[in-house]
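> Under the numbering used here, the first residue of the sequence shown carries the number 987, and numbering increases by one thereafter.
Note that beta-carbon positions come from the ideal geometry of N, C-alpha and C, so glycine has one too.
On a predicted model such as this, the values are computed, not experimentally measured, just so you know.
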Amino acid sequence: MVKYAVIGTSWITQSFVDGAKISDRMKLEGVCSRDENRGRAFAEKNGAQRVFTSVEALAQSDIEAVYIASPNAFHTRQTKAMLEAGKNVICEKPVTVTPAELEYLQNIAEKNGLVYVEAIMYMFNPVRDVLRKALAKIGEISSANLDFSQLSSKYPAYKRGELPNIFNPQMATGCLEDLGIYCVYPALDLFGLPDDIKASASFMASGADGSGGALLKYDGLSVNLTYSKLGQSRSPSQIFGDEGTVLLDSVSKLTDMKTVFNDGSEEILCGDVPKEQLMGYEADGFADIIENREKNKEFYSLLRKTALDTSRVMEKIRSQAGIKFDYKPITEE
Ligand SMILES: NC(=O)c1ccc[n+]([C@@H]2O[C@H](COP(=O)([O-])OP(=O)(O)OC[C@H]3O[C@@H](n4cnc5c(N)ncnc54)[C@H](OP(=O)(O)O)[C@@H]3O)[C@@H](O)[C@H]2O)c1
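1. Are Leu1044 and Cys1018 close, meaning C-beta to C-beta below 8 Å?
2. Would DSSP call Ala1086 helix, strand or coil?
3. In this structure, does DSSP put Arg1024 in helix, strand or coil?
4. Taking 8 Å as the threshold, find out whether the segment 1225 to 1236 comes into contact with the segment 1142 to 1159 through three or more Cβ pairs.
5. With a threshold of 7 Å on Cβ separation, who are the neighbours of Ile1008 within its own chain once the five nearest residues in sequence on each side are excluded?
6. So does Met1107 have its beta carbon nearer than 7 Å to some heavy atom of ligand 1?
7. Leaving out five residues on either side along the sequence, give the residues of the same chain with a beta carbon under 8 Å from the beta carbon of Val988.
8. At 4 residues or longer, and completely inside the segment 1260 to 1292: list those alpha helix (DSSP H) runs for me, N to C.
9. Does the pairing of the segment 1173 to 1186 with the segment 1114 to 1122 give three or more beta-carbon distances under 8 Å?
10. Decide if Leu1240 is buried, meaning its Cβ has at least 16 other Cβ atoms within 10 Å, or exposed.
11. Rounding to the nearest angstrom, what Cα-Cα distance links Gly1206 and Lys1031 in this structure?
12. Quickly, what does DSSP pair Lys1244 with across the bridge? List them, please.
13. Out of curiosity, what's the CA-to-CA distance linking Phe1153 and Asn1248?
14. Checking the sheet assignment: what are the DSSP bridge partners for Ile1309?
15. Leaving out five residues on either side along the sequence, give the residues of the same chain with a beta carbon under 7 Å from the beta carbon of Leu1069.
16. Is Pro1142 close to ligand 1? I mean its beta-carbon at under 7 Å from any heavy atom of the ligand.
17. Would you say His1061 faces chain B, with C-beta separation under 8 Å as the test?
18. Taking only three categories from DSSP, how would you classify Gln1035?
19. Using CA atoms only, rank isn't needed, just tell me which of Thr999, Ser1129, Leu1179, Gly1199 is closest to Glu1163.
20. Does DSSP classify Leu1302 as helix, strand or coil?
21. So, are the CB atoms of Ala1130 and Phe1060 less than 8 Å apart?
22. Would a C-beta distance cut-off of 8 Å place Gln1218 and Gln1136 closer than the cut-off?
23. Using only alpha-carbon positions, find the residue among Pro1222, Ala1158, Lys1123 that is nearest to Asp1312.
24. Skipping 5 residues on each side, what residues in its chain have a beta carbon closer than 8 Å to that of Ser1188?
25. Looking only at C-alpha atoms, which of Asp1242, Ala1191, Cys1169 sits nearest to Val1299?
26. Give the range of the alpha helix (DSSP H) segment to which Ala1067 is assigned.
27. Any chance the CB of Pro1172 is under 7 Å from a heavy atom of ligand 1?
28. In its own chain, which residues sit with a C-beta less than 6 Å from the C-beta of Ser1297, not counting the 5 before and 5 after it?
29. Starting from Met1109, follow the beta strand (DSSP E) in both directions and report where the run begins and ends.
30. Classify Asn1210 as helix, strand or coil using the three-state DSSP reduction.
31. Alpha carbon to alpha carbon, how far is Asp1295 from Gln1000?
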């Protein structure tokens, strides 16, 4: 059983904690919140013993693993503090702001013999293999449309004049970082690194990208990524082969997924799966790598490589689309 703490107390942390309970491989020991009362309430609700009000105090504790779900701009600094204090880290996406930061942190983890992964449901989902096998059955694949467009629950507050973290470029956030990444991951995992990228974005008054797209070009294949926080998608993502099409209701969750063959016949690949279960796969995978490094060597190496490739592609997309953050990358100190 891996004893862990969380940094952050929002709904996504609750979702991970619920997932970890399902997985039964991790035990919540501590909660790190800037606010003691909020931290205590979260800890009491979830059976944790300890509350930390600073990352430094958490670093000094004997907690062995940490789940980080703070705004993006804090990921690198907090992860660095945890890795230097000997703690394994699973950090929410995007795991760092720049690929140089990710390489830097991966090296610290390696040097200290620690596990450091990005909390990305897609990579830990056992249905990922089902998808791969389904793609092998639809003939030659020439194109794919991967979309994650979800009207943000924070948009009404933004329209009222507030500035939620997610629309604040100072937090290194925006649509690409929040939702676009969910399209980049499967594209790279399924098709590898593209030969060329053409990307664009549209910007909100705050300076954050509210929506955007990227066309990934491969030899004989075009993969079109679209993402928006300002509108709701009503159609599935699709991967087109000359013998059939795979439809994905969610590129991040791989739920409600099926193949429609050219003769009209259908094969259901996955139904609905609760989010907590998907977070449970992450918790389970993270704990298993910590406890069985040798057995998970290949998978862990794939996680590290895909995270780095994703971060590099995201950096290219940002540069082409003109997405900028008021953020100073941390790669030494
Ligand atoms: N995997 C998923 O499905 C999923 C879904 C949503 C978000 N995420 C990721 O989770 C992370 C957090 O997103 P969120 O929407 O939950 O963010 P958020 O609500 O803005 O902040 C998350 C937590 O960070 C702490 N925090 C907030 N503002 C802070 C600040 N200025 N300085 C230091 N700490 C601060 C708060 O905890 P305290 O007040 O207790 O300190 C808060 O509960 C992001 O990286 C996001 O990409 C992932």
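Walking through what the data contain:
1. Yes, the pair counts as a contact, with Cβ atoms nearer than the cut-off.
2. Helix at Ala1086.
3. DSSP places Arg1024 in helix when its eight states are reduced to three.
4. In the pairwise beta carbon analysis, the segment 1225 to 1236 is classified as not touching the segment 1142 to 1159: fewer than three pairs are separated by under 8 Å.
5. Excluding residues within five positions, the ones whose Cβ falls inside 7 Å are Glu1262, Gln1263, Gly1266.
6. Yes, the beta carbon of Met1107 sits closer than 7 Å to at least one heavy atom of ligand 1.
7. Only Arg1011, Met1012, Lys1013, Glu1050, Ala1051, Asn1074, Phe1272, Ala1273, Ile1276, Glu1277 meet the Cβ criterion.
8. As for any alpha helix (DSSP H) of minimum length 4 sitting wholly inside the segment 1260 to 1292, the runs are 1261 to 1277, ordered along the chain.
9. Counting Cβ pairs under 8 Å, three or more are found: they touch.
10. By the Cβ-count criterion, Leu1240 is buried, with 16 or more other Cβ atoms from all chains shown falling within 10 Å of its own Cβ.
11. So the two alpha carbons sit approximately 53 Å from each other.
12. Looking at the DSSP assignment, Lys1244 forms a beta bridge with Leu1233, Ile1254.
13. If I take the Cα positions, the gap works out to 42 Å.
14. Ile1309 is bridged by DSSP to nothing; it lacks a bridge partner.
15. In chain order, Val1075, Leu1091, Ile1094, Ala1095, Asn1098, Leu1100, Tyr1102 place their CB closer than 7 Å to the CB of Leu1069, counting only its own chain and leaving out the 5 sequence neighbours on each side.
16. No, since every heavy atom of ligand 1 falls outside the 7 Å radius drawn around the Cβ of Pro1142.
17. The structure shown contains no chain B; it holds only a single protein chain.
18. DSSP places Gln1035 in coil when its eight states are reduced to three.
19. Taking Glu1163 as reference, the option from Thr999, Ser1129, Leu1179, Gly1199 with the minimal CA-CA separation is Gly1199.
20. The residue you asked about is not Leu; residue 1302 is Lys in the sequence shown. In the structure shown, Lys1302 sits in a helix (DSSP, three-state: H, G or I).
21. Taking 8 Å as the cut-off, the beta carbon of Ala1130 is found no closer than this to the beta carbon of Phe1060.
22. Here Gln1218 is near Gln1136, since their CB atoms are less than 8 Å apart.
23. Distances from the CA of Asp1312 to each of Pro1222, Ala1158, Lys1123 were compared; the closest alpha carbon is that of Ala1158.
24. Spatial neighbours of Ser1188 in its own chain (CB-CB distance under 8 Å, excluding positions within 5 residues in sequence) are listed in chain order as Asp1195, Gly1196, Ser1197, Gly1198.
25. Considering only Asp1242, Ala1191, Cys1169, the residue with the shortest C-alpha distance to Val1299 is Cys1169.
26. It spans 1061 to 1070 - the alpha helix (DSSP H) in which Ala1067 sits, taken as one unbroken run.
27. No, ligand 1 has no heavy atom inside 7 Å of this Cβ.
28. Same-chain partners within the cutoff: Pro1085, Leu1088.
29. Careful: Met1109 lies outside any beta strand (DSSP E), inside the alpha helix (DSSP H) at 1107 to 1110.
30. Residue state, collapsed to three classes: strand.
31. Computed Cα separation, rounded: 29 Å.
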